[in-house]
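J.: Residue numbers (the working numbering): 37 to 426. A virtual CB, placed ideally from N, CA and C, is assigned to each residue, including glycine. It should be emphasised that the depicted structure is a prediction, and the values quoted were computed from it without experimental measurement.
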Amino acid sequence: MSSRYAFSPQLPFLLLSLLTGLTSSFVTPLMSYFLIDEINVEPIYISIYMVSVTLSGLVISQYLGHLADKGFNANRLYGLTMICVGIAMVAFIFSNQFWHVFLAGVLFMSVGAGAVSQMLTVSGLWAKNQDIDLAAFNSKVRAAISLAWVVGPPLAFTLVANFGFAASFSVAIACVLVATLFVVKVVPPQKANQQSLNTTLKGSLSLPFWLVGLAILAGMAGNVMYLSSMPLYVMNELGLAENLPGLMMGVVAALEIPTMLLAAKLARRFPPAGIMAVAFIFGCCFYIGVYFSQSSWELLTLQILNALFYGLYAGIGLTLLQQQAPDLTGFTSAFYSNATRVGMMLGTIGAGTVAQFFSFRDATIGSLCIAIFGLNVMLVFMFVKKRALR
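1. Quick one: any contact between the segment 44-64 and the segment 358-365, if contact means 3 or more CB pairs under 8 angstroms?
2. With DSSP as the reference, label Q98 as helix, strand or coil.
3. Any idea what DSSP makes of E292, helix, strand or coil?
4. Using the beta-carbon count (16 or more within 10 Å), is K221 buried or exposed?
5. What's the gap between the Cα of S44 and the Cα of F193?
6. For the alpha helix (DSSP H) containing E334, list its first residue and its last residue.
7. Would G366 pass as a contact of A110 if the rule is Cβ separation under 9 angstroms?
8. Work out the CA separation of I352 and M37 for me, nearest whole Å.
9. Are the segment 386-395 and the segment 294-310 touching, with three or more C-beta to C-beta distances below 8 angstroms?
10. Rounded to a whole number of angstroms, what is the C-alpha to C-alpha distance between F371 and A179?
11. What number of angstroms, rounded off, separates the C-alpha of G310 from the C-alpha of M414?
12. Measure the CB-CB distance between S182 and M296 and report whether it falls below 9 angstroms.
13. Tell me the start and end of each unbroken alpha helix (DSSP H) in the segment 142-193 that is at least 4 residues and wholly inside, in chain order.
14. Please say whether M155 and Y99 have beta carbons closer to each other than 9 angstroms?
15. Taking V121 and V212 to be in contact with their CB atoms under 8 angstroms, please state how far apart those CB atoms are, rounded to whole angstroms.
16. Does DSSP put E74 in a helix, a strand or coil?
17. Write down the C-beta distance between V77 and F144 rounded to the nearest angstrom, noting that I regard them as a contact closer than 8 angstroms.
18. Under 8 angstroms by Cβ, that's how I've got V420 and P244 pegged, so tell me the actual separation to the nearest angstrom.
19. Once the 5 residues before and after G319 are set aside, which same chain residues still bring their CB inside 6 angstroms of it?
20. Can we count I129 as close to the ligand MN, meaning its CB is less than 8 angstroms from some heavy atom?
21. If you follow the alpha helix (DSSP H) that M125 is in, where does it begin and where does it stop?
22. Please report the distance separating the alpha-carbon of L91 from that of G379.
23. Who are the Cβ neighbours of L58 in its own chain at under 6 angstroms, not counting the five residues just before and after it?
24. Can you list, in chain order, the residues of its chain with a C-beta nearer than 7 angstroms to that of G325? Leave out the 5 residues immediately preceding and following it.
25. If contacts are defined as beta-carbon pairs under 8 angstroms, then A315 and L348 qualify, I think. What distance do you get, rounded to the angstrom?
26. Would you call the CB atoms of L253 and V416 closer than 9 angstroms?
27. Alpha carbon to alpha carbon, what distance is there between L364 and G249?
28. Return the CA-CA distance between M86 and S68, expressed in angstroms with no decimal places.
29. Looking at L335: is its Cβ nearer than 9 angstroms to the Cβ of L404?
30. If you check the beta carbons only, do L52 and V223 fall under 9 angstroms apart?
31. If we call anything under 9 angstroms between Cβ atoms a contact, is A151 one with T117?
32. To the nearest angstrom, report how far apart Q392 and F409 are at their CA atoms.
33. Let me know the secondary structure DSSP gives A277 once reduced to three states.
34. Please list the terminal residues of the continuous alpha helix (DSSP H) segment that includes T400.
35. Short check: CB of V147 to CB of G93, under 9 angstroms?
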């Protein structure tokens with residue numbers, strides 16, 4: 037079978053991933069800016085909103101994953117999450133007080149936070165029943181999300197600058213409508229099979245599963261800690277050009293997509309756990325390099341290491357997690373998304389804490405420590421798996 041026809045059955049799921057990523061990319065990067073500039077709140081309220089929505093989202097998305105494993109139509113669960121995002125966007129457009137935004141976030145965005153995990157569930161349930169390379173498929177799905185984030189945030193900020201926040205939120209609503217219709221009309225309906233229904237969590241979630249989840253959390257925490265502190269470190273402490281942080285993000289985004297696809301090919305020849313460990317080694321080298329860099333060309337060149345770290349980490353993480361609990365697609369998809377969200381929250385808090393007492397540059401040392409921790413978690417994982425085979 038030619039690669040063209042082999043690829044075409046995957047296309048609806050890749051487009052669904054792209055639409056999901058686009059929806060979040062027109063909202064998430066703006067929330068801090070929206071709360072400060074439009075709602076006129078103190079910075080502490082950003083943390084209150086983020087932590088509340090994240091924690092409530094963790095519980096809800098994990099419950100939705102449980103429902104998917106119980107046989108509920110995953111397409112409809114995905115549609116529910118997207119509709120809730122749309123309702124929240126309408127509320128944001130007409131809100132002028134913090135408590136309006138807060139209630140919309142806790143009641144609706146917390147449900148919408150499950151959109152990515154349900155998209156991964158829909159894709160994962162389909163892939164399990166196909167004769168395809170699961171690692172390659174997962175890498176394409178993750179790459180589609182990354183592609184959306186290359187395009188979305190610049191457009192979102194451009195819309196806000198020219199037309200206001202309502203314009204970006206309206207585009208997100210349009211993405212919600214298209215994605216909901218697409219998952220109902222185009223994407224084949226997906227349900228967990230009887231084997232998944234009869235699987236108990238207690239018997240499926242072993243120590244290796246939790247170790248991979250911890251490594252996924254660590255990778256995201258270190259990355260977000262760096263991203264949160266990098267712009268102010270580059271502009272305020274190094275005194276470099278104001279457009280450099282955006283240029284650095286654009287370079288790494290362009291490089292990490294092919295790296296994710298490369299991760300799938302490497303997984304055919306090497307153990308996925310080894311690839312994940314190598315990713316953390318690249319991360320350690322990158323954070324050390326950033327700490328000692330003083331010029332624009334050094335920081336831009338280092339984005340190659342950053343792309344190798346994040347591309348391999350993101351390209352192989354979900355597959356490695358699914359291998360530890362292959363009969364719980366909904367649960368593992370939700371767990372993966374929740375691990376990344378907790379990592380984002382911890383990374384943001386960590387960056388602010390380190391910068392408060394030390395400097396934005398020292399936040400890079402925090403990222404390095406987290407990457408070293410993630411590497412050691414993967415080494416423990418490989419030791420546990422090797423011992424289990426004896």
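T.: The relevant details are as follows:
1. no
2. helix
3. helix
4. exposed
5. 34 angstroms
6. S332 to Q360
7. yes
8. Interpretation of M37 is limited by its pLDDT of 38, a score under 50 that renders its predicted location unreliable; the figure taken from the coordinates is listed afterwards. For M37 and I352, the distance between alpha carbons rounds to 26 angstroms.
9. no
10. 19 angstroms
11. 8 angstroms
12. yes
13. 151-164
14. no
15. 5 angstroms
16. helix
17. No, V77 and F144 are not in contact; Cβ-Cβ is about 19 angstroms, not under 8 angstroms.
18. 6 angstroms
19. F345 and A407
20. The ligand MN is not part of the structure shown, which contains no ligands of any sort.
21. A110 to F130
22. 12 angstroms
23. A184, G188 and C211
24. L338 and L341
25. 4 angstroms
26. no
27. 14 angstroms
28. 9 angstroms
29. no
30. yes
31. yes
32. 23 angstroms
33. coil
34. A399 to L425
35. yes
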